[in-house]
Amino acid sequence: MKSNKFTEEMNLKTIDQLKVELVNAKKELFDLRFKNATNQLDNTSKITKARKNIARIQTVMTMKENA
271 MKSNKFTEEM NLKTIDQLKV ELVNAKKELF DLRFKNATNQ LDNTSKITKA RKNIARIQTV
331 MTMKENA
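The opening position of the sequence shown corresponds to residue 271 in this note's numbering, with each subsequent residue numbered one higher.
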């Protein structure tokens, strides 16, 4: 699955790299929401995928901090 590959990639990164990824993912989510509000977004499922990716990044960060 794609989510497994994404999670594996995130597991290989350091906490600092994950923080950068998290900022980028949040910017992407903001842009998607803005496009959706202005009716420029064709595929609204991208918003859900972006939210899940943010959650995955936060989960990996929490696991690394607790380890």
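For each residue, glycine too, the CB sits at the ideal point set by N, CA and C.
Practice task
Grab the span of the alpha helix (DSSP H) containing residue 318 for me, first residue to last.
Solution key: 315-336
Problem - Member of 283, 275, 281, 301 whose CA lies at the smallest distance from the CA of residue 321 - result: Proximity to residue 321 across 283, 275, 281, 301 peaks at 301, based on C-alpha coordinates.
Problem - Cβ pair count under 8 Å reaching 3, the region 326-333 against the region 302-318 - result: no
Problem - For residue 284, three-class secondary structure by DSSP - result: coil
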